[in-house]
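Mapping the sequence shown onto the working numbering, position 193 (from 1) lands on 195, and the numbers just tick up by one.
Using N, Cα and C, we set each Cβ at its ideal position, and we do this for glycine too.
Being a predicted model, the structure only gives us computed values, none of them experimental.
What follows is a short report on a single structure.
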Amino acid sequence: MCPVLVLLLLLVPVDSETTSADSSAGQKFVIAFPENIAYFHPESADNMVKIMALHGNTKVSFTSPEDNSSVTLTAGEIHEYHPEAALELSRSAISNQTLQITSSRPIIVHVIHQKKKSIQTALVTPADHLGTKYLVPPVPPISGPADPANHDATENSPFKLIIVNMDKENAITVKGEEDRVISLQPYQVAQVWVQDELRAVTADQPVTVLFGHTCAISDDCTCGQLFTVLPPTNDEEQTFYIPLVSEKDAEYEAFLLLSEEGSTRVMSFDPNSPVVKTAGSVILYRPGLLLTLTPETEFAACFVAKTIPNAENFAVILVHKDQTDGIHVGTEPLDNPVWQKLKGSDYVTTTLLIIGPKVVIWHASARMTVYFMGSINDAVFGNPGSVISKTPDFRGCVLTPETIEIGAVEGSWQESLMYCKKHNLDLVSIPWPDLQRQLSLNIPLAGTGSLKKLWIGMRRSSQTTVWYWLNAHLVNYTNWGQGEPGSEQEGQCAIMSVDGNDFEWRDADCCEDAHPICYREPEIFLVEPGSTQFDELGPNEWLELFG
Numbered sequence: 003m004c005p006v007l008v009l010l011l012l013l014v015p016v017d018s019e020t021t022s023a024d025s026s027a028g029q030k031f032v033i034a035f036p037e038n039i040a041y042f043h044p045e046s047a048d049n050m051v052k053i054m055a056l057h058g059n060t061k062v063s064f065t066s067p068e069d070n071s072s073v074t075l076t077a078g079e080i081h082e083y084h085p086e087a088a089l090e091l092s093r094s095a096i097s098n099q100t101l102q103i104t105s106s107r108p109i110i111v112h113v114i115h116q117k118k119k120s121i122q123t124a125l126v127t128p129a130d131h132l133g134t135k136y137l138v139p140p141v142p143p144i145s146g147p148a149d150p151a152n153h154d155a156t157e158n159s160p161f162k163l164i165i166v167n168m169d170k171e172n173a174i175t176v177k178g179e180e181d182r183v184i185s186l187q188p189y190q191v192a193q194v195w196v197q198d199e200l201r202a203v204t205a206d207q208p209v210t211v212l213f214g215h216t217c218a219i220s221d222d223c224t225c226g227q228l229f230t231v232l233p234p235t236n237d238e239e240q241t242f243y244i245p246l247v248s249e250k251d252a253e254y255e256a257f258l259l260l261s262e263e264g265s266t267r268v269m270s271f272d273p274n275s276p277v278v279k280t281a282g283s284v285i286l287y288r289p290g291l292l293l294t295l296t297p298e299t300e301f302a303a304c305f306v307a308k309t310i311p312n313a314e315n316f317a318v319i320l321v322h323k324d325q326t327d328g329i330h331v332g333t334e335p336l337d338n339p340v341w342q343k344l345k346g347s348d349y350v351t352t353t354l355l356i357i358g359p360k361v362v363i364w365h366a367s368a369r370m371t372v373y374f375m376g377s378i379n380d381a382v383f384g385n386p387g388s389v390i391s392k393t394p395d396f397r398g399c400v401l402t403p404e405t406i407e408i409g410a411v412e413g414s415w416q417e418s419l420m421y422c423k424k425h426n427l428d429l430v431s432i433p434w435p436d437l438q439r440q441l442s443l444n445i446p447l448a449g450t451g452s453l454k455k456l457w458i459g460m461r462r463s464s465q466t467t468v469w470y471w472l473n474a475h476l477v478n479y480t481n482w483g484q485g486e487p488g489s490e491q492e493g494q495c496a497i498m499s500v501d502g503n504d505f506e507w508r509d510a511d512c513c514e515d516a517h518p519i520c521y522r523e524p525e526i527f528l529v530e531p532g533s534t535q536f537d538e539l540g541p542n543e544w545l546e547l548f549g
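This is the structure we're talking about:
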């Protein structure tokens, strides 16, 4: 052949179901807008939904009891949707007041609840990423009520769960001292007071569960909305890193609230060791903020943060200390960040002040996590960063990962070329050293002894004897082994050796038998040059901004 009180809410399940997703994007979302009586004022809240399209020609449809409309977005475009005030939930135990968002291609959805100085933000989970079991967090200590004599006042009521159903009839069980079963029709919402040591929410069909308070008392004798989206349970031990604790702030007081087999206990937390290992979830609490933390297993490679108008918007980046190189903000590398080490771990964190409507933060070769934070008129808000991709790539933010396939049979260079074409792939061209490194990490069976050599998409021109790539890129980078390539009489095609660590190339007779590396380039999310402005904040500056 040819200086605030901070709590960490820690939840540990006995047994659970788990869900995972490679991004925050989806094509179906159901949103509920919790009642907001911030500042005890009867005016309506200024709720807003921000939708970002990942691809061009994306049709987004909105359906609610008050609206039936649509809009078409280009790749990277952000659309602001302002729901009718009537969609805000009241005290009804069960309601039909939801907003359904569907799209022709994946989108990321971010919701903002704002009323005067009270502001809460949340990343909306797509319907196909939801779970059927959620742990109920312990209630954080809140200051006393504004009017102790008025027991009917909303601000004096307990914390609540808001359970949002998707598109099927559903039976939900709220587990506590006495289990309670709730039946929901498609797109209905249930509100449940957090009383009598509630332990978990289970459902026959996937649901969203919010945890919080309609108007939690703050330290200035006012009240503000306080909610977070709970993650589905996970029965495997996970590691959480808390990037907001600073050893330089002597007044930073923190606690862990541990929920295990229905019991809750308070644990003191050492700010010099901001690492938590648990089979549950961790929520960071400080007055005005409930922030669900991201476990190390859910770290990702590319995030987008959409900013809130008239607010100071921040991105908090947490990454392994040996992987600080390779982080980009928009089209530019992260330049001279101020890294703060997390004691007791190999991780570091830095904080960026975001300027502009959005910013894309991505890593070329590793995973990290990013939190979107902010403040407006001394009110703090935040949520986990919106994940575009978990796949690192030196070219940018991956929408569809690269495809690497080793041909099933050995053949000549020409037969290998045809094999790849038959499978709608190309014999791989390697014009950049970063791609060479990425291939070496991802070629299956490399170094196992069963695979020693692979055809690549390089050969000599029969007319000029000059080497060229099949994809027409210039040959500015090569990885020839010692003494390679030889003369044109020794070989016209290029082969990669994979039985060592260097994956070096050599020239070879084009009729030599070898397996092909078939390849398809990834689809990369385009980042505009103009959306990357940022300022760097040191840990003391960050703490000053956030009290």
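*What number of angstroms, rounded off, separates the C-alpha of Asn49 from the C-alpha of Val141?*
25 Å
*Leaving out five residues on either side along the sequence, give the residues of the same chain with a beta carbon under 7 Å from the beta carbon of Leu89.*
Phe35, Ser66, Glu68, Gln99 and Leu101
*Can you round the beta-carbon distance between Ser105 and Thr60 to whole angstroms, since I take them to be within the 8 Å contact cut?*
Correct: roughly 6 Å between the Cβ atoms.
*Are at least three pairs of beta-carbons, each pair with one atom in the stretch 360-370 and one in the stretch 474-487, less than 8 Å apart?*
no
*Tell me the start and end of each unbroken beta strand (DSSP E) in the stretch 437-502 that is at least 3 residues and wholly inside, in chain order.*
455-462, 469-471 and 495-499
*Going by C-alpha distance, which of Asn478, Glu506 and Val176 is nearest Glu199?*
Nearest C-alpha to Glu199: Val176.
*alpha helix (DSSP H) containing Lys423: first to last residue?*
Trp415 to Lys424
_Quick check: the Cα distance between Val138 and Ile165, rounded to an integer number of angstroms?_
12 Å
*Secondary structure, beta strand (DSSP E): runs of 3+ residues fully inside the stretch 376-415*: Taking only runs of at least 3 residues, the beta strand (DSSP E) segments lying wholly in the stretch 376-415 are 381-386, 388-391, 399-402 and 405-408.
*Would you decide whether Glu417 is buried or exposed? Buried here means 16 or more other CB atoms lie within 10 Å of its CB.*
buried
*asked:* Beta-carbon within less than 7 Å of Glu238's beta-carbon, same chain only, minus the 5 sequence neighbours each way: which residues are those?
replied: Ala281
*With burial defined as no fewer than 16 other Cβ atoms inside 10 Å of the residue's Cβ, what is the status of Asp324: buried or exposed?*
exposed
*Going by other Cβ atoms of all chains shown within 10 Å of its Cβ, with 16 needed for buried, is Thr466 buried or exposed?*
exposed
*Grab the span of the beta strand (DSSP E) containing Ser120 for me, first residue to last.*
Ser120 to Leu125
_What does the alpha-carbon distance come out to for the pair Ile110 and Gln29?_
When rounded, the distance between both Cα atoms is 9 Å.
*Report all residues from its chain with a CB closer than 8 Å to the CB of Thr134; omit the five preceding and five following residues, and keep chain order.*
Glu19, Thr204, Ala205, Asp206, Gln207, Pro208, Val209 and Pro234
*Report the three-state DSSP secondary structure of Leu9 (helix, strand or coil).*
Unreliable placement is indicated for Leu9, whose pLDDT of 46 sits below 50; no coordinate value is reported for it.
*Any 3 or more C-beta pairs closer than 8 Å across the stretch 389-407 and the stretch 294-305*: Three or more beta-carbon pairs drawn from the stretch 389-407 and the stretch 294-305 are found closer than 8 Å, and the two stretches are therefore classed as touching.
*Could you pull out every residue in the same chain whose Cβ sits closer than 6 Å to the Cβ of Tyr421, ignoring the five residues on either side in sequence?*
Gly409 and Pro518
*Residue range of the unbroken beta strand (DSSP E) whose run includes Ser367*: Per DSSP, Ser367 belongs to no beta strand (DSSP E) and is neither H nor E.
_For Pro386 and Val318, believed in contact at Cβ under 8 Å, the rounded distance_ = Contact between Val318 and Pro386 is absent: CB atoms are separated by about 10 Å, not below the 8 Å threshold.
*State yes or no: is the beta carbon of Asn478 nearer than 8 Å to at least one beta carbon in chain B?*
No chain B is part of this structure, which consists of one protein chain only.
*Give me the Cα-Cα distance between Asp380 and Thr224, rounded to the nearest whole angstrom.*
13 Å
*Leu528 to Gly398 span [Cα, whole Å]*: 8 Å
_For a quick check, are the C-beta atoms of Leu125 and Val211 less than 8 Å apart?_
no
*Closer than 6 Å by C-beta to Val51: which residues in its own chain qualify, once you throw out the five before and the five after it? Chain order, please.*
Cβ within range, chain order: Tyr83 and Val113.
_Length of the line joining the Cα atoms of Glu525 and Arg107_ = C-alpha separation (whole angstroms): 14 Å.
*Asn315: beta carbon under 7 Å from a heavy atom of the ligand ADP?*
This structure lacks the ligand ADP, and indeed carries no ligand of any kind.
*asked:* Spatial neighbours of Val196 within its chain, please: C-beta separation below 7 Å, excluding the five flanking residues on both sides.
replied: Val138, Val141, Pro160, Phe161, Lys162 and Leu163
*Please report how far the alpha carbon of Cys495 lies from the alpha carbon of Thr333, in whole angstroms.*
36 Å
*asked:* Using 8 Å as the threshold, is the C-beta distance between Ala307 and Lys360 below it?
replied: yes
_Assigned exposure category for Asp428 - 16 Cβ within 10 Å defines buried_ = buried
_Distance, Leu186 Cα to Leu354 Cα_ = 43 Å
*Cross-strand partners of Thr76 (DSSP beta bridge)*: DSSP lists no partner for Thr76.
*Do you know offhand how far Asp348's Cα is from Ser63's?*
44 Å
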